[in-house]
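Have a look at the structure below before the remarks.
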Amino acid sequence: MASPPFKESSVEDSDSTNSITQDLNPEIDVQKQVTEVAVTKVREHTDAVSDAKVLFLDTFSPDEEKKIMRKVDWRILPLIGLMMLVKQIDVNNAASVKVMQVGQPRNILKELHMTSDQYNWVSSIYYIAYIVFELPSNVFLKHMTPRIFQTRIIFTWGVVLACHAAVKNKEGIYIARFFLGAMEAGLFPGLITHICSWYRSDEMGKPIMWMFTFSQASGIVGSLICYAISYMDGLGGLSGWQWVYLLEGLFSMLFAILIYFLLPDYPKSKRTSSWLTEREQDFVEFRLSENAPKTHDAAFSKEEAVLSLKDIKLWSFMTSQPPAALTIITMIFLHWFMMRAYVTRPLIIILIVVGQMACFIIFLATNSKIGIYIACILGSAFYGSYFVPFWAWRSSTLKGSTGTAFTLALQTSVAQAGGVIGPQLFQSKWAYNGYKVSFGICTAAIIVGLFSNCHTWYLTRNVEWDVRRIRRERIRAEKAGRLFVEDDIKVFHEREFFSKTLKRGKDNVGVM
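Residue 299 in UniProt numbering is what sits at position 299 of the sequence shown, and the numbering runs on without skipping anything.
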């Protein structure tokens, strides 16, 4: 049976139509050729720049790299650690001042005429403001250097914190906490964005470990500061809690001035040339991944020391220190473990979440004070150490300074919702059975988080296997006296699926 005539001539008709279209619109063909030439030139230029960077990096030895990065570490890590320490002390003081002079007329609840449930909103309101202003705050990061950006944040929150001492009622403290959250918004994502300009993604564990170690140390330092300031109660007509806010606010303002003069901006900023040579500045920048944004007593009194050790208030404040101490130790160990790339980062995170879930199950299953306290210590360690591998993992899938700042600001602002919801889960009406309902809700949330982490691991498994593989290659190269310069982020752009043959055949350097 013969084919219809239109079937036989369809290809010819199509070619004829295209020819007629090109004859009528010659600009289309010219534009296509110009575009192809432009794309080819861009690719050739990009490849040439990449090759030049590799050749430049090859002129450095591993010892030179360690020397340069040691300079960077000493300039950046102590400062970002102290910034997180001061921030967390200023945030957590709301819980500390609540128990100062408890049961006495000068307690903050008495003076502000508040109930315990009403005071829970002090934390919630802070995080509401933090969420609202997190993203807008980071918009300014593109218009300011990191030094100016962080100085602005720390100085303004210091002013607001000092103003807490002047509040006279619950409405006043609510307003003050709202403005505190607004002023502090942007600090953390701003820091993450900043360190992405100095460290590769496989090195992010170190600065993040410093940030969260100092953050957890606030549990030790903050409680001791409040204990010491509590003895100023009545001095100058101010209550102890007012002195806490006033002194910590003034300290934050002074600390902001220190940050202004000491915090480096970027590897090739003008101020950086005072401590890095031009060649060293180029090295730090070129080695980055493609996704990088570019009191009056004259002597010590032994008697007073002994009396302090016998003071029950001292030991009650110190119950927060074992959790903080274990968290610090855990984070330091975790950083050491991560740097050896024995396993992928998501696996570490999932094990941490499982441990956290076990602690909350203990809260549900027992009324033993010792058991609950042990679970608190372990739970604090699991919680604090979670962020070391998590943010290192998250940073490996970010691209560009704008994308990095926007993504981190959005993600951290959403995460602060826990600060709004958390205090409201522990209402007085649920205290009758040890807050079993509250802990049940928390356990359910952790289970959801566990599944979320597993799913995200599945989505990023390709990149994570390669990040681990390249980290192991760097370790082997360092042992051999070589400098391994392959970009561990290129794999995120180059391919979508991971070859099982490559994973099992070429990467037999450890367990999953």
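We put the beta carbon where it would ideally sit given N, CA and C, even for glycine.
Here the structure is a predicted model, which is why all the values come from computation and not from measurement.
Status (buried if at least 16 other CB within 10 Å, exposed otherwise) for tyrosine 231: exposed
Length of the line joining the Cα atoms of isoleucine 447 and histidine 164: 38 Å
Member of Gln104, Tyr260 and Ser123 whose CA lies at the smallest distance from the CA of valine 420: Ser123
Run of the alpha helix (DSSP H) containing methionine 357, from where it starts to where it stops: 345–365
Does DSSP put arginine 70 in a helix, in a strand, or in coil? helix
Of the choices Phe286, Phe255 and Ala392, whose alpha-carbon is the least far from that of tyrosine 266? Phe286
Given a cut-off of 8 Å on the beta-carbon distance, is the pair isoleucine 125 and arginine 177 in contact? yes
Could you check whether the region 244–255 touches the region 427–440, counting it as contact only if at least three pairs of C-beta atoms, one from each stretch, sit closer than 8 Å? no
Measure the CB-CB distance between threonine 407 and cysteine 196 and report whether it falls below 8 Å. no
Measuring CB to CB, does tyrosine 127 end up less than 8 Å from glutamine 416? yes
Under three-state DSSP, which class holds phenylalanine 426? coil
In angstroms, rounded to a whole number, what distance separates the CA positions of lysine 268 and tyrosine 458? 37 Å
Within the continuous alpha helix (DSSP H) that includes lysine 369, where are the two ends? 369–395
Among Ala341, Leu288, Ser380 and Leu334, which residue has its Cα nearest to the Cα of proline 322? Ser380
Nearest neighbour of tryptophan 465, chosen from Val437, Thr344 and Phe426 [CA to CA]: Thr344
Where does isoleucine 312 land, buried or exposed, given buried means 16+ other C-beta within 10 angstroms? exposed
Where alanine 182 falls, given that 16 or more other Cβ within 10 Å makes a residue buried: buried
Lysine 168 - DSSP class collapsed to helix/strand/coil: coil
In chain order, which continuous runs of the alpha helix (DSSP H) of length 4 or greater are located wholly inside the region 200–230? 205–229
Starting from methionine 338, trace the alpha helix (DSSP H) in both directions and tell me its first and last residue. 321–339
Let me know the secondary structure DSSP gives phenylalanine 439 once reduced to three states. helix
Could you please give the first and the last residue of the uninterrupted alpha helix (DSSP H) stretch that includes lysine 268? Taken as a continuous stretch (DSSP letters only), lysine 268 belongs to no alpha helix (DSSP H), as it is neither H nor E.
Nearest CA to the CA of tyrosine 260: which residue from Ala52, Ser289, Pro62 and Met83? Met83
For isoleucine 372, which of Gly384, Ser395, Tyr386 and Phe439 has the nearest alpha-carbon? Phe439
Tell me which residues share the same chain as residue 513 and place their Cβ nearer than 7 Å to its Cβ, disregarding the 5 neighbours each side in the sequence. Because the chain spans 1 through 512 in this model, residue 513 falls outside it and cannot be assessed.
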